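Before any comments, here is the structure.
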């Protein structure tokens, strides 16, 4: 770690100390995802702790629409599939395909958000506001937080596409697409859990 | 990274197809219920399928299968803490109930060491259901004391809710109470403010004067009391007033007893100033903090007290509804939570 004063100034920049040979941004993304796991774990745990404790309606069975949510779940899963294609494309230096697939991910993500907005509006019209009962409070906090994550992901992906027009992107930059993808897949797996634990279990 | 092995596009397509199929299977299990599978196995398969999806996305789409193990390590430790939090959180809410329900000796122990009236204990133990047919025929059935709320089908207007609180009014029950030996049940049957009031009156017509209590009941707002309770008290004391054993004391089967033990002012103090210190209810120790609810209006405090004292046990003997000006006067005392706890001891509870 000690600097070598005698070394010729080939580079003025000091060599950063590294504990791993892994790219910092990717490692940091995994650490962030680990912490986000705890965040969502607490929210889902809270939802379950208060499940079936609402005193007034509407209750989940009154408002949930399983076919609709299945479609939006499927859309989100397929967006994850497009995300790996996008990463594959940029590793091949195939920028047009990278743009196409990334735009597809952002588009599917927007469809998912559209479903969520529709669902929220429908619920509120059915009398389920965030302060209506324990179900409303925990449900909106949980799925709303997830929706915010999806929104951030869509903005991130659009920014990547714009970046590809502003400067030459290539395989050397693939790690930036990769971490955006990691984030996107994480949002997807959180929804996999929510879909089962919040929606499906209600009708068993 | 260049020499790192990555899954091919073909692998991605296969994984995506499997994920899609699994999602459809999950949907089908719920949409077209499989009776032969049974509820528990259905739950098991739903959870198992979503775990498979979860792992496939992590392994293939997020590349943990082929990537450096450091990433897996970081993510797994996060997952571990998350699962621990999840289990602890769920257990915290579910365990106290199940533990308490496996200990029927709680109630009996309470009888030995605390002065809970025996008739209240009998009612707790039996819920008025296990008496002999002769005893049941001898005394009127207790009225349904659950709060019934019918939500509107559409619209978000709280005023369109129908809140039905079975009512609370002192029946002139002293005469037949002695005969039936079940004063509380008889008093509770005295009146019933549900739309079925006429039916209830007919049921109670076995010698009870149904008209007299109705006049008293009109002097406080049952609906307002229930809504204040729902907005402020339900989270801890629960909708059925049973609290959470070991964490939050019950009000049903207890608040009425406190009132009858001379705790009319004490109950106002608890709501207005809170209470801190260990108490025993039905043999269970509670050492939490009842927050002060002094920010509620005098009318709200009066209404919620009327609700608590009457909703589950029927009105206590000699009950006069709390009034707002009475609460306003009590508010002037400005007690501390510890002083309220001392008052409880003075009542001999």
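Residue numbers (my numbering), protein chains in the order written: chain L, 1 to 204; chain W, 205 to 553. Glycine is no exception: its CB is placed at the ideal position from the N, C-alpha and C atoms. Please read all numbers here as calculations on a predicted model, not as lab measurements.
Cut-off 7 Å between Cβ atoms - residues of its own chain near residue i, not counting five sequence neighbours on either side
| i | result |
| --- | --- |
| residue 69 of chain L | 195, 199 |
| residue 55 of chain L | 133 |
| residue 77 of chain L | 188 |
| residue 534 of chain W | 469, 472, 473, 476 |
| residue 123 of chain L | 63 |
| residue 269 of chain W | 263 |
| residue 141 of chain L | 43 |
| residue 136 of chain L | 128, 129, 130 |
| residue 553 of chain W | 462, 465 |
| residue 485 of chain W | 453, 454, 458 |
| residue 445 of chain W | 454, 455, 456, 515, 516 |
Secondary structure of residue i, DSSP reduced to three states
| i | result |
| --- | --- |
| residue 220 of chain W | helix |
| residue 523 of chain W | coil |
| residue 484 of chain W | strand |
| residue 414 of chain W | For residue 414 of chain W, the predicted structure reports a pLDDT of 39, less than 50, and the residue's modelled location is therefore unreliable. A value from the coordinates is still provided. Reduced to three states, the DSSP call for residue 414 of chain W is coil. |
| residue 266 of chain W | coil |
| residue 489 of chain W | strand |
Whole-Å CB distance - residue i paired with residue j, under 8 Å assumed
| i | j | result |
| --- | --- | --- |
| residue 525 of chain W | residue 460 of chain W | That belief does not hold up - the Cβ atoms of residue 525 of chain W and residue 460 of chain W are roughly 14 Å apart, past 8 Å. |
| residue 518 of chain W | residue 496 of chain W | With 8 Å as the limit, residue 518 of chain W and residue 496 of chain W do not qualify as a contact, their Cβ atoms being about 28 Å apart. |
| residue 184 of chain L | residue 35 of chain L | The Cβ separation is near 17 Å, so there is no contact. |
| residue 285 of chain W | residue 38 of chain L | 5 Å |
| residue 264 of chain W | residue 219 of chain W | 5 Å |
| residue 146 of chain L | residue 101 of chain L | 23 Å between Cβ atoms; not a contact. |
| residue 437 of chain W | residue 505 of chain W | Incorrect: roughly 11 Å between the Cβ atoms, too far for contact. |
| residue 48 of chain L | residue 197 of chain L | 7 Å |
| residue 179 of chain L | residue 25 of chain L | 6 Å |
| residue 202 of chain L | residue 71 of chain L | About 17 Å; that fails the 8 Å criterion. |
| residue 177 of chain L | residue 216 of chain W | About 15 Å separates the two Cβ atoms, so there is no contact after all. |
| residue 204 of chain L | residue 250 of chain W | 7 Å |
| residue 46 of chain L | residue 293 of chain W | 7 Å |
| residue 59 of chain L | residue 279 of chain W | Not confirmed; about 35 Å, so no contact. |
| residue 467 of chain W | residue 537 of chain W | Not confirmed; about 15 Å, so no contact. |
| residue 600 of chain W | residue 541 of chain W | Because chain W is modelled from 205 through 553, residue 600 of chain W falls outside the range shown and cannot be assessed. |
Cβ-based neighbour list, residue i, same chain, cut-off 8 Å, excluding 5 preceding and 5 following
| i | result |
| --- | --- |
| residue 154 of chain L | 106, 109, 110, 113 |
| residue 210 of chain L | Past the boundaries of the shown model lies residue 210 of chain L; chain L is included only from 1 to 204, so the question cannot be answered. |
| residue 30 of chain L | 182 |
| residue 482 of chain W | 489, 490, 491 |
| residue 99 of chain L | 161, 164 |
| residue 126 of chain L | 58, 62, 63 |
| residue 223 of chain W | 257, 260, 261 |
Close Cβ partners of residue i (< 6 Å) along its chain, the five nearest in sequence each way excluded
| i | result |
| --- | --- |
| residue 149 of chain L | 187 |
| residue 447 of chain W | 441, 453, 454 |
| residue 116 of chain L | 147 |
| residue 511 of chain W | 429, 430, 433 |
| residue 276 of chain W | 268 |
(request) Inspect the CB distances between the stretch 218-229 of chain W and the stretch 143-159 of chain L and report whether three or more fall short of 8 Å. (result) no
(request) Run through the stretch 9-96 of chain L for me and flag every whole alpha helix (DSSP H) of 4 or more residues, listed as ranges in chain order. (result) 24-49, 60-63, 66-91
(request) Jot down the residue ranges of each uninterrupted alpha helix (DSSP H) in the stretch 438-478 of chain W, minimum 4 residues, whole runs only, in chain order. (result) 438-441, 459-464, 468-477
(request) Would you check if the stretch 506-515 of chain W and the stretch 423-430 of chain W touch, i.e. whether three or more CB-CB distances between them fall below 8 Å? (result) Contact holds: three or more Cβ-Cβ distances are below 8 Å.
(request) Please specify which runs of the alpha helix (DSSP H), each continuous and at least 4 residues long, are wholly inside the stretch 110-166 of chain L, giving them in chain order. (result) 134-166
(message) List, from N- to C-terminal side, the alpha helix (DSSP H) runs of 4 residues or more that fit wholly inside the stretch 523-548 of chain W.
(response) 528-535
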